[in-house]
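Worksheet for the structure shown next.
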Amino acid sequence: MRAMSNLLQQDGFVDLASLFPHVDSDTLNAILSHELPAAELYKLDTRRIVDSQWDLVDLDDTAVQFRSVPSAREIYQNLDSLLIPLNTYFSILCVHGLSNGQPPTLPCHFFRYSSHLVKITSQYEWQAVLLYHFAFFARRCNDMLQGRYSGWDKIDVDLMEELLIQHQLPPKADSLRRR
């Protein structure tokens, strides 16, 4: 990553490694090449830096033990556990994209998607929202490989029908009383 960040600095662009020191170079490269899987966003959460070392080996006096990596459901138990690293992901894409000629409206696409996540989390079961996010994220990574970032602010109705509709939350008592 040092070589990449030096290149970015020489070309007059922002040194992402200095702006995001908690993000390792492999993860930064995966983000910029649009290859970071949605399930690995936890690597961007400063609250989970120690947890991100799940794949390390524990050595004790007599045996070698491999720590198990938690499932995505264990890592992303609620919206907060997803939005915090997702916002770091979007920040990295914004800084890099804006310094490389993306339009100034780039952050708007990401803000709209974050708002969409907040909205659907209040309407659908969390596990269904998480699956929707993973699928939506993968589609957007494919778009970004083509230089298209505007898909983040679109609602994917087909994906919602496939993954969310059957997991709608029951109406809350407050909303029933207002009718």
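Heads up: the sequence shown is residues -18 to 160, going by the numbering used here. Quick reminder that beta carbons are idealized off the backbone N, C-alpha and C, glycines included.
Residues of its chain near residue i, where Cβ-Cβ distance is below 7 angstroms and the 5 sequence neighbours each way are ignored
i, result
"A119", "A19"
"H148", "Y105, E106 and A109"
"C89", "D134"
Under 7 angstroms between C-beta atoms of residue i and residue j
i, j, result
"L64", "Y57", "no"
"L74", "Y113", "no"
"G132", "D124", "yes"
"L22", "L60", "no"
Residues near residue i in its chain [Cβ-Cβ closer than 8 angstroms; skip 5 each side]
i, result
"A150", "Checking the sequence, you will find Leu at residue 150 rather than Ala. Contacts found: S103, Q104, Y105 and E106."
"L111", "A53, R54, Y57 and L63"
Residue(s) in a DSSP beta bridge with residue i
i, result
"E149", "Before going further, note that residue 149 is Gln rather than Glu in the sequence given. DSSP lists Y105 as partners of Q149."
Residue i: first and last residue of the uninterrupted alpha helix (DSSP H) it sits in
i, result
"R54", "A53 to I56"
"L17", "Note, L17: premise wrong, no alpha helix (DSSP H); not H, not E."
"F71", "L60 to L79"
"L144", "V138 to L144"
Spatial neighbours of residue i in its chain, beta-carbon cut-off 6 angstroms, leaving aside the 5 residues before and after
i, result
"T8", "K24"
"T69", "L25"
"N(-13)", "Because N(-13) carries a pLDDT of 40, less than 50, the predicted location of this residue cannot be relied on, and the following value inherits that uncertainty. Within the same chain, N(-13) has no close Cβ partners at all."
"N10", "none"
beta-carbon residue i near the ligand ATP non-hydrogen atom, thresh 6 angstroms
i, result
"E143", "In the structure on display, the ligand ATP does not appear, and there are no ligands present to speak of."
Within 8 angstroms, do at least three Cβ pairs link the stretch 77 to 88 to the stretch 104 to 121? no
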